[in-house]
Amino acid sequence: FGGWAVAINARSQKVEPSWKFLKWVMSKRTQLDLSPLNGTPVRYSALQEPALQQQFPWFDFVLRAEREGRIFQDYRPRYPFYPQIEDALGLQLNRAALNQVRPAEALALANRQIAEIVRSAGHPVR
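Here it is, written out as C-alpha cells:
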C-alpha cells in the first residue's frame, strides 16, 4: 500500500518552516483530508476513522497488519540503484494493468531490465 517517510535535512536552513509543515502533513485532520485523494493514511487515528474504513475497506487490514507487527519500515533494499529497479518494475506493472501487454510479458521484461540494472552496478545475476 505504499509508505511515507518525512524528515528535516540536517543541513536545512529552514528548520522551523519544515517542522511546521511536518506537523501539518502528519496531523489527523490533514491525514483525513488527504486519504481519499492520496492513499493510505499514516496515522492510526485516521486509519480507524469509520467513514474512511467504509470508503476504503483495506484500511482495517492495514491497521491490523501494523498492530500485529507485519509492517516493516525498512522494506526496500538500500542500494543506490534501487530507484531504477522500482521504476522498471512500476512501468511494466502499469503497462500490464492498462492491458498494453500481457502480465507475463510485463514481468519478463521487468525481470530482464532489473537484471541489467543489477549487473551494471557490478553485482552477480543468476
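Per my numbering, the very first residue in the sequence shown carries number 15; after that it's consecutive.
Beta carbons are placed, not taken as given, at the ideal position from N, Cα and C, and that holds for glycine.
This structure is a prediction, so every number in the text was calculated from the model and none was measured.
The C-alpha of Y58 lies about 28 Å from the C-alpha of G104.
When Cβ pairs closer than 8 Å are counted between the two stretches, the stretch 100 to 118 is seen not to touch the stretch 62 to 76, the count staying below three.
Fully enclosed alpha helix (DSSP H) runs of no fewer than 4 residues occupy 42 to 52, 58 to 61, 64 to 69 and 72 to 81 of the stretch 39 to 81, in order along the chain. In chain order, A129, V132 and R133 place their CB closer than 6 Å to the CB of V139, counting only its own chain and leaving out the 5 sequence neighbours on each side. The three-state secondary structure of V132, taken from DSSP, is helix.
If you look at I99, you'll find it in the alpha helix (DSSP H) that goes Y96 to A111. Straight-line spacing of the CA atoms in E30 and P94 works out to 30 Å. Between the C-alpha atoms of A135 and Q114 there is a straight-line separation of about 30 Å.
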